[in-house]
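Residue numbers (numbering that gives the first Met the number 0), protein chains in the order written: chain A, 0 to 1024; chain B, 0 to 454. No residue lacks a Cβ here, since even glycine has one placed at the ideal position from N, Cα and C. Model, not experiment: these values are computed from the prediction.
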Amino acid sequence: MKKLSLLLMMVLFATGIALAQRTIQGKVSDAKGEPMVGTSVVVKGTTTGTTTDIDGNYNLSVPAGSTTLIFSFTGFQTQEVTLSSSNVVDLTLQEGILLSETVVTALGISKSDKSLGFAVTKVSGETVANSGEANLVQGLASKGAGIIVTSSAGVPGASSKIILRGNSSFLLDNQPLIVIDNVPYDNSTNTLSPSDYPFNPLLQGVNESNRGLDINPKDVESITLLKGPSAAALYGTRAANGVILITTKKGLKGLQVSYGAFYDMSEVNKLPKMQNIYGQGNGGGTIVNGAVREEGALAVTPNSWGPKATQTFDNFGNYFQKASSYNNNLAFSGGSDKVTFRFSYGNNYQTGIVPNTFLKRNTFRLGSQAGTDVFKVDANIAYSVTEDRKAQNGSNLSGVMLPLLRTPIDFNLIGGNGTGGYENLDGSQHTYLPNYDNPFWTAYHNPANGTVNRFTGNVQFTYMPNDWLKLNYRIGTDMYNDARQQIFDIGSNNINNPAGGELFEYSARHEEINSDIFATASKKFGDLDIGLTVGNQLNQRFDKFILTRGRDFGVPGFFSLSNVSSFFSDNVKTERRLAGVFGSLDLGYKNTYYLTVSGRNDWASTFGPQAKSSFFYPSVSASVVFSEWITNKNILSFGKLRLSYAKAGREPFAYSSRTVFLQPFFADGFTNGIGFPYLGVNGMGISNTLGNAFLRPEIRTSYEAGVNLKFMQNRFTLGLTYYYDKSSDLLVRRPLASTTGSRSIFSNVGEMENRGYEVELGADILDEKKTGFGWNITGNWAQNKNKVLRLAEGVSEISLENAFTGIGSFAIVGQPYGAFFGTKWQRDANGALVIGANGLPIKDAANQYIGNPNPKWTAGIRNTFSFKGLSLTGLLDVREGSSIWGGTIGRLYRIGRLAETANRSQTFVIDGVKADGSKNITPISPQDYFGKYLGDNGSAEETKVYDASWVRLREATLSYTLPKVANWLRNATIYATGRNLWLKTDYLGVDPETSLTGAGSQIGGFDYFNMPSTKSLIFGLRADF
Amino acid sequence: MKRTIAIIAMPILLFMSSCQKYVDGFDVSPNSPSNVPVTQLLPASQLALFSSYTGENARRAAVLMQQQSGKLFQYDELERYDIREETIQNDWQTIYEIGLINPQLIIEKAGDANKKYRGIAKIVKAMNLGLATDLWGDVPNKEALQGQKGEANWNPAYDAQEQIFADMQTMLDEAITDLKANGDKDNVIEPGADDIIFNGDADSWIIAAQVLKARYLNRLSKRDPGGSATRTLAAVDAALAAGSATAKDMMALAGDNPNEQNQWYAFNIGRAGYMVMSNNFLTILKNLNDPRLPLYAARDNQGNYTEGSIVGTYYGAANANLPLVTYYELKFIEAEASLRAGNKQRAADALNAAVKANIRKVTGAANAVYETANASETAATITLDKIMTQKYIALFTQPEVWSDWRRTNIPKLTKNAASTLAGIPRRLPTAQTERQFNSKAKVESNLLAPVWWDN
């Protein structure tokens, strides 16, 4: 508070001494005479400036003695105009030849593109909004080199995970930090899971949302992706994975109203192909030993190895519905020289392909900037309400896809005689197997309802006492409440409490407060530019959830905790703090040579009392604009070489320094297990993960080199980057043999490297202004090779996160992060399968490396054609060489549902050798071949590892901007977008861009009855008044 | 200029000095305690025992011993003996990471000041160790459970099963001594409701320890038929002398709340159709016209006892308690050891008593017809086959059945023809994490390799 009043006093003082001024006004237009909105107008040698309003007009108070104005706009030549006696300066800006683009980097400091010693990717807010994705993170897919975005499913609110340049931590979050208007924004994927749930909750449940979902993409002006740890010095430990810097739209002078709306129609884009000949049964026989199917009978088989079906049903067609989405956005902005504001309201309502699911999002954002040349205040608040209803997913007897895909072709899921056909008259479920919920039942009777209320706000004060110094104080908060309800109705097959029903009421609170105080000084001494930033950051995060579970409803159909027979409650609170002191020195010489040195010291609260809780990490980057050496810029118009070295530290997660005692929970892999309180008695046992009082920070060290080239007046651009980074002292749950009495201990023993190439290119093949027809290509290509270098003494593999029996996602020394580790067939010296006497291959006793879910390379190619207001753009997305564990496919083979299994009138001989070395000639039945060899009936997991490469048309948009019809209508555009319209992949299952465990998980590449993905057609309009 | 710099520098310096303070004190978890008393560790230890003795280990034994039949998915695989290092991982972890470590912590914490706690902990520990060695053969004991004391203890050596059996006897003897200590100084706190099994009743624990001594001495019947019989009978005598005939059986207690439920019930509800009554067992019961059949098995939906039946309510109701250590088991042990020792009359008497005790316990009444036919053995008629077949029936749901079969090959079982394994498994494979992370692990993946006492 004292500091604030000091600042205010300084402001008053400074404004008081502002002396004789005059006001310059004018209009800025482009070559076609269109007004240039948002052009920066600055008095040379000062920080005094303004921007043009939506009509291109500006109005600027110029201090006495000023001689020159500088006009700049991204993509246009910066122009200096010497002031005459006239107070009107109109100007036409020329499109840039030697453009000096600026990039918003850490702490919101704009730097010229030239001076950056590391690669950044810039994405405009419009590009993301035009993708039609409700989830901003998904909207970044394929938008730049080295950005890997993976959607977990095509259902409303499903999380998307983003990884920049590979994974660099085993246990800590690998996703970049999201920063909105310079304040950290939580992008966690919170999972509703009680502490007595013994398995990985991400393998089932619903498709949880990553909280980046609360951002309205239409509020985003621009996004800068800092892909390496280079920004960590200024953002702290969470920036070790890179930063997604989001700048929201700001108000301009003059009132403007913008309205945008779209309507989206989606449907399932890919499902496994099924056989539709044979019905339920075993060995060609009928359902159970010749008996008639009887609902509720125990010994019914889930298999479709029965006789030819006499009647078949389109269960998929009946089940999945065409989804739709309505999106409306309204924004008002305006202001004067001193104050500008923007208010926006966004509304998104989306129904899902699964019946009875939806996502509703209402967002409000208000931003205002006010101030004078010496003191500025920038304040933003945003409020959002995200509501959704989701359906059960994954390895789950109440999941949608598990019972749906297994449904025998001769069973009609809506053939019951009760409500909706999925029920019987007595209210029980109509099912082909009593263990599985009818997927309609699960959609209507087992909903997951959620509401997230989120508030973010920040205010920044900037004081500029003179032309070289800026003092900034910024405080921001991000808080939300996540309230959820999960219902399992009476009669559901929810594994934890079948039959009696179950209700979860969950409430989570997240609060983050971030304070930055920093000073930047910049001054030119002849050819030398010097910039210095020093500051302090304080960050506090608080998370708390309370979960209450009730079981066994008394009154049917009444879902309240007042109506249950037993309770379980759980609460977890996490509080952590981080304090950092940072500094950065920028040097520039002759606009050609640049050097940045920065360092940061952090203090983190999560270290134990015996450990050192303070750690330092530096970074250095340099660039040389070698095109400055040559005078003839006709061919090479710009060339820059850049080098960077950066270190980033990451503190361990909260409460890992001590061994604690927990209520043990006993599950044997099949039942809901037993746990405390037990018969009225509480009990606690030692945690199987031992704390470690001596933990150190994880260190990520990154080296990067690259060039940026622009040719032929910037018509062709090329960016090349090579990076190598090594993460060491990685926190690992160092596994222990159970016989030690413990399962693991937190240790800093892991080491991992990422190395890769990134290429970004752009080409203006045809210039619309010259030829009347425009054609632009942008492309990106990236390859990241990850390798685990070290785990712990004597440990060659560690499970990263529990997956399934027989297969997991592991860190294996010498293999990439997240490699599949599982059962493998035995092979002879020549690699032939070793076949047993029964005609089936034999499994190796020990589990091994069996596949890599990470892509070998990724690419995105965008073509944009423009002709008289018409524009056609298409984004092709390629992911090559990634593997997927197709558990779904294995099971569908086994139960005789997959299309291939229709081939069952013959026997099969598996190619391989017998124990004596002779060729295998033992025939096996189709049910054995598809079940025990290709399927998951005791086969090696390696058979289920499939190629998940794809080529897809991620987006295609045709838009038409109306010619100017009236003065009150500044701009009007109508467009049609296709999302995911075309997909090419060899994977037999759903769209291989899928993840069972989602963005809240350290692992990926698992498909076990995952929800399918979607393709959509979007029709929209945008208008500015 | 100087003033400006001072203004910038001051708050930063101020912050630097207080940065450490700002983050201090947030490392202690508000969610879980770092230390707990023995009154909390005891229930945790006992629940681990329930889980290990009545969960997957019990169901697996019942399927292998053809009392149950695996039908769907993982249980279809179990039916074909597809048991791998990862499928038994969970059961191994429960034993060591909860079932053994927590009693060990009680033993260390209780010391001489809380001998009853120490005694109970030793019995619980011996039982978990006994289960581990029966299933896996040589297992770590002496060097085990010291992981939290540092890296030097992260590769515990495997003790020979012979040694484990000796250690268990010592543990049980020490437990009996501890439980007999009644002075106030010996028991600063007395176990009560936190002793889920016997509610703090030391006498019940002493008897259970003696029955367990007999069980594990008798386990060595193949190794040393004569010596084991003599030693077993001595333990049997001690148990009888202590009043085992009228003592409470040690049961795994269950309740109606979902987290207290009997694990056979929980399995059949959650995994309906995975596991059913096996024809083999049903045939044995039907042929004997056994009154326990309607209690052991539920009727199928046609009203018959077939492989459409699941376990009945006696052992399979939500709140059904399951036997861990019983009087009738003691009598079966006595019968078998007596026969081996050549004392046929005692063997016959003990068998008759065992069968009658079990019938009474299960059905609630004596059954004259059945007892005349099956519990009226004499020195002339008694055979090992009769003893072990009746024990096979009476100890249904207990992992003991598998150990008994391995020792005696009774009842005669035919291996599942669909299995690629050459016989019925005689052990479990070494757990995956043990192979991976214990450099001293004795890795055995052959399910037919006998454990030491099975030789």
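(message) Quick check on the DSSP output: the alpha helix (DSSP H) that includes residue 266 of chain B runs from which residue to which?
(response) 262-269
(message) My output table needs one value for residue 215 of chain B: the three-state DSSP class, helix, strand or coil.
(response) helix
(message) Between the alpha carbons of residue 446 of chain B and residue 165 of chain A, how many angstroms are there, rounded?
(response) 42 Å
(request) Counting only the same chain and skipping the five closest in sequence on each side, list residues whose C-beta sits under 8 Å from that of residue 943 of chain A. (result) 806, 884, 885, 886, 888, 889 and 935
(request) Kindly provide the ranges of any beta strand (DSSP E) runs that are 3 or more residues long and lie completely inside the stretch 658-730 of chain A, ordered along the chain. (result) 697-710
(message) Let me check understanding here. Comparing Cα to Cα, which of A:557, A:560, A:823 and A:705 lies closest to residue 719 of chain A?
(response) A:705
(message) For a minimum of 4 consecutive residues, which ranges assigned as the alpha helix (DSSP H) are wholly contained in the stretch 317-346 of chain A?
(response) none
(request) Could you tell me whether the stretch 268-276 of chain B touches the stretch 350-370 of chain B, using the rule of 3 or more Cβ pairs below 8 Å? (result) no
(message) On a Cα-Cα basis, can you pick out the residue from A:189, A:134 and A:487 that is closest to residue 216 of chain A?
(response) A:134
(message) So, with DSSP's three-state summary, where would you put residue 109 of chain B?
(response) helix
(request) For residue 1016 of chain A, write down the residues that DSSP places opposite it in a beta bridge. (result) A:264 and A:977
(request) Flag this pair as yes or no: are the beta carbons of residue 252 of chain B and residue 195 of chain B separated by less than 9 Å? (result) yes
(request) State buried or exposed for residue 87 of chain A, treating a residue as buried only when at least 16 other CB atoms are found within 10 Å of its CB. (result) exposed
(request) For residue 674 of chain A, decide whether its Cβ has a neighbour in chain B, counting only Cβ atoms nearer than 9 Å. (result) yes
(request) Would you mind sorting residue 299 of chain A into buried or exposed? The rule is 16 or more other CB atoms within 10 Å of its CB. (result) buried
(request) Compare the C-beta of residue 683 of chain A against all C-beta atoms of chain B and say whether one is closer than 9 Å. (result) yes
(request) Determine the DSSP secondary structure at residue 785 of chain A, reduced to helix, strand or coil. (result) strand
(message) So for residue 297 of chain A, helix, strand or coil by DSSP?
(response) Confidence is the limiting factor: at residue 297 of chain A the pLDDT is only 45, short of 50, which leaves the residue's position unreliable, though a coordinate-based value still follows. If DSSP states are grouped into helix, strand and coil, residue 297 of chain A belongs with coil.
(request) Output yes if chain B places a C-beta closer than 9 Å to the C-beta of residue 698 of chain A; else output no. (result) no
(request) Thinking residue 688 of chain A and residue 437 of chain B are a contact (beta carbons under 8 Å), I'd like their distance in whole angstroms, please. (result) Not really, about 17 Å apart at Cβ, beyond 8 Å.
(request) Specify, as a first and last residue, the run of the alpha helix (DSSP H) that residue 314 of chain B falls within. (result) 312-315
(request) Return the residue from the list A:861, A:546, A:1020 and A:314 that minimises the CA-CA distance to residue 896 of chain A. (result) A:314
(request) Taking residue 274 of chain B as part of the beta strand (DSSP E), name the residues at either end of that continuous run. (result) 274-276
(message) Quick check on residue 802 of chain A - is its C-beta less than 9 Å from some C-beta in chain B?
(response) no
(request) On a CA-only basis, which of A:227, A:177, A:203 and A:79 is nearest residue 756 of chain A? Give me that one, please. (result) A:227
(request) Hey, could you find the ends of the alpha helix (DSSP H) residue 166 of chain B is sitting in? (result) 160-179
(request) Identify whether residue 183 of chain B lies in helix, strand or coil by the three-state DSSP scheme. (result) coil
(message) Counting only C-beta atoms, is residue 660 of chain A closer than 9 Å to chain B at any point?
(response) yes
(request) Could you tell me whether the Cβ of residue 323 of chain B comes closer than 9 Å to any Cβ of chain A? (result) no
(message) Quick check: the Cα distance between residue 203 of chain B and residue 306 of chain A, rounded to an integer number of angstroms?
(response) 60 Å
(request) Run down chain B in chain order and give the residues with a C-beta less than 8 Å from the C-beta of residue 677 of chain A. (result) 42, 46, 195, 254, 258 and 259
(message) I want to verify the contact list: residues of chain B whose CB lies under 8 Å from the CB of residue 577 of chain A, in sequence order.
(response) 22
(request) Go to residue 67 of chain B, then tell me how far its alpha helix (DSSP H) extends in each direction, as first and last residue. (result) Per DSSP, residue 67 of chain B belongs to no alpha helix (DSSP H); it is in the beta strand (DSSP E), 67-69.
(request) Pull up the distance between the alpha-carbon of residue 881 of chain A and that of residue 850 of chain A, whole angstroms please. (result) 9 Å
(request) Compare the C-beta of residue 574 of chain A with all C-beta atoms of chain C and state if any pair is closer than 9 Å. (result) No chain C appears in this structure, whose protein chains are A and B.
(request) Counting only runs of 3+ residues fully inside the stretch 135-196 of chain A, write out the beta strand (DSSP E) ranges in chain order. (result) 146-150, 159-163, 176-179 and 182-184
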